[in-house]
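**Q**
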Amino acid sequence: MTLHVAKRIWSDEELLALPKDGYDHELIDGEIVMSPAGSEHGAIIMRIGGPLFTFVMAHKLGEVVDGQTGCRMATGDLLSPDVSFVINNRWKTHRANAETFFHGGPDLVVEVLSPDDTPTIVARKMELYFNNGTRLAWVVHPRKRAVDVYRSLEQRRTVNASASLDGEEIVPGFTLPLVNVFL
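Heads up: the sequence shown begins at 18 in the numbering used here, then just goes up one per residue.
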């Protein structure tokens, strides 16, 4: 006999009422997951998010948001990527609907790993993102000084600190040398 535990459904209001305790709060498979981040984590986020934001705004490609922005998946899960990019038409639809959280996966997701991020959690997040509209993801490994570049769940490659990140057709023309990320 298999015991099935019901998945907890959290409302937008309940999630927004979580304490501001210095932790990122995400909802994965009905459970709140909290992850503290260190100073290097935040610095890497800014070294990627800053140039990405500047490029996207200069070329009017869409919107870049930080890790405070929740993305509601079709499953009800709520993820907050460290940096997200959403193309114009999707962002305009989101704004027109006046939704609290962005519905679906951003077009580009950047996740900077913390020491307590497990391969299982990273794989689950990638599954949720790509099943909900994400088309490109950069998973940054600060200790390894490398980035896993996902084009899909099946298509992943690793680039090291001597390479560059490429926005491909998602953020056309954007490149970022990783030497500027891993100082």
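Built from N, CA and C at the ideal position, the CB exists for glycine as well.
Is it the case that the segment 66 to 78 contacts the segment 106 to 115, given that we only count it when at least three CB pairs across the two stretches are under 8 Å?
**A** no
**Q** Is it buried or exposed, Ser101, if we count other Cβ atoms within 10 angstroms and call 16 or more buried?
**A** buried
**Q** Exposed or buried, which one is Val81 when buried takes at least 16 other CB atoms within 10 Å?
**A** Under this definition Val81 is a buried residue.
**Q** By Cβ distance, which residues of its chain are closer than 6 Å to Ile187, with the 5 residues on each side in sequence left out?
**A** Asp124, Leu125, Arg152 and Leu153
**Q** Where Leu69 and Phe191 are concerned, what is the direct C-alpha to C-alpha distance, given to the nearest angstrom?
**A** 7 Å
**Q** Going by the DSSP bridge assignment, what does Thr175 pair with across the sheet?
**A** Thr175 is bridged to Asp165.
**Q** Among the residues of its own chain, which have a CB less than 6 Å from the CB of His21, if the five just before and after it don't count?
**A** Bear in mind that a pLDDT of 42 at His21, under 50, signals an unreliable position, so the model cannot answer this.
**Q** Since Arg89 contacts His58 with CB under 8 Å, what's their CB separation in whole angstroms?
**A** Wrong, their Cβ atoms sit about 24 Å apart, outside the cutoff.
**Q** CB Leu193 to CB Ala178, shorter than 8 Å?
**A** no
**Q** Using the rule of at least 16 other Cβ atoms within 10 Å of the residue's Cβ for burial, across every protein chain shown, is Ser56 buried or exposed?
**A** exposed
**Q** For Val103, tell me which candidate among Asp83, Leu95, Ala60 and Val198 has the shortest Cα-Cα distance.
**A** Asp83
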